[in-house]
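FYI, the numbering for the sequence shown is -10 to 184, going by the numbering used here.
Even glycine gets a Cβ: it sits at the ideal position worked out from N, Cα and C.
Keep in mind the model is a prediction, meaning the values are calculated, not measured.
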Amino acid sequence: MSLVRIALAGEGGQGVQSVAEIIAEAAYNEKKQTIYIPNFGLEQRGGVSIAFIQVSDERIGAPKFNKADVVIALSQRAVGRTTVYSDSNTLFVYDKSFELSEEDLPKEAKKILGIPAIDTANQELHPRVFNIIIMGAVIGLTNVVSFEAAKEALENKLGYKFEKNPDLRELNYKALEIGKRMAEESLKEGVANNG
């Protein structure tokens, strides 16, 4: 697997950093090289939280990057904050639950996808697993880690909650699966900007 650079952004409280941490752990458990850098900013006071993740089979040269292979923006403000990480090789993904105009989206991105993660969590599962749907989407879009490695890392992170409420385990695994499937289907239907 060649180097994959991911920028994941959302409002504070949307679980962006948790998702990045779990993906990084899953990659590490699969013996891949991984770097996760959180950017907390002012999200506790209403700012945008960004997580930068890199995964590769080989040594990763630099801890930071200017352009991402995949950008995932979970709010309107996150879209505004992350367009700078897009170029002609970027797959730009946003949540379809908020209104965007074409001017809001990065014109230079290779492909732009809208996925209904928030609506799916609210209508089919539970709002608290929205971020796990996003984690599944990251896996479906990038294949940076296997589905099983993601489940194992999720278990490591949330196992103590699962023990208290076993239904949570199934809910989270279902969210992971739905997110992965949603991303794979969106890739097939996606809108290509540059050919």
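- The beta-carbon distance between A9 and V60, rounded to whole angstroms, is 13 Å. This is too long to meet the 8 Å contact definition.
- According to the DSSP secondary-structure assignment, E0 is paired through a beta bridge with V37.
- Rounded to the nearest angstrom, the Cβ distance from V44 to V127 is 10 Å, too far for a contact under 8 Å.
- By the C-beta density criterion, S38 is buried, having at least 16 other C-beta atoms within 10 angstroms.
- Residue pairing by DSSP places I24 opposite Q43 in a beta bridge.
- Taken atom to atom, the span from the alpha-carbon of R(-6) to that of E113 is near 30 Å.
- The continuous alpha helix (DSSP H) containing F151 extends over residues F136 to K153.
- In this structure, I122 lies away from G69, with their beta-carbon atoms at least 7 Å apart.
- Contact between the segment 78 to 93 and the segment 133 to 144 is absent, with fewer than three C-beta pairs closer than 8 Å.
- Around the beta carbon of E19, a 10 Å sphere encloses 16 or more other beta carbons of the protein chains shown; the residue is thus reported as buried.
- Looking at the DSSP output, A62 shares a beta bridge with A(-2) and Y83.
- It is roughly 15 Å from the alpha-carbon of N111 to the alpha-carbon of L157.
- The way I'd put it, the segment 13 to 27 doesn't touch the segment 69 to 89; fewer than three beta-carbon pairs between them come closer than 8 Å.
- The alpha carbon of G1 has as its nearest neighbour, out of F54, L147, Y149 and Q65, the alpha carbon of Q65.
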